[in-house]
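Below you'll find the structure, written out as structure tokens, and then a few comments.
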Amino acid sequence: MKGVKHYTKEGEYEGPTHKMDGEVHTGSKHSDSSEPVSHKPFKLREVNSPMKCWDTHKKVGMKKSPSGRKKNGKVVMVNDCEIK
């Protein structure tokens with residue numbers, strides 16, 4: 003969209019963009035260095051920071067992600083929480 007700001011994980015992006023698989027990416031053509039961009043600034047969080055259990059729950063261990071989300075070919079492990 004013209005006139006709308008784009009953001010990468012590093013901050014505001016003002017260069018050319020292209021669409022790929024329904025997402026907007028940096029660069030006029032897709033390459034290995036293309037990154038996804040958003041109309042809203044990315045909320046950065048620490049890499050590999052564990053998701054916390056709600057205040058009413060306690061952590062009892064780890065389990066495989068219920069969604070089956072994978073990273074590097076392995077199912078991601080998430081906190082296993084239960085009511086206190």
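Quick note on this note's numbering: the sequence shown kicks off at 3 and runs consecutively.
We put the beta carbon where it would ideally sit given N, CA and C, even for glycine.
For residue j and residue i, the rounded distance between their alpha carbons
{"i": "K86", "j": "H59", "result": "5 Å"}
{"i": "P38", "j": "E25", "result": "7 Å"}
{"i": "K61", "j": "C83", "result": "4 Å"}
{"i": "N74", "j": "S67", "result": "14 Å"}
{"i": "V77", "j": "C55", "result": "20 Å"}
{"i": "P18", "j": "S36", "result": "11 Å"}
Residue i (DSSP reduced to helix, strand or coil)
{"i": "T28", "result": "strand"}
{"i": "D82", "result": "strand"}
{"i": "V49", "result": "In this prediction, V49 scores a pLDDT of 48, lower than 50, which makes its location untrustworthy; the coordinate-derived value is nonetheless stated afterwards. DSSP places V49 in coil when its eight states are reduced to three."}
{"i": "K66", "result": "strand"}
{"i": "K98", "result": "The structure shown does not extend to residue 98, since the chain is modelled only from 3 to 86, so the question has no answer here."}
{"i": "K54", "result": "coil"}
Distance CB(residue i)-CB(residue j) smaller than 8 Å
{"i": "K7", "j": "H41", "result": "yes"}
{"i": "G13", "j": "H20", "result": "no"}
{"i": "K65", "j": "M79", "result": "yes"}
{"i": "Y15", "j": "P43", "result": "no"}
Residue burial classification, residue i (beta-carbon count within 10 angstroms, cutoff 16)
{"i": "H32", "result": "exposed"}
DSSP beta-bridge partners of residue i
{"i": "S40", "result": "Y9"}
{"i": "S16", "result": "Position check: residue 16 holds Glu in this sequence, whereas Ser was assumed. Paired residues: none, contrary to the question."}
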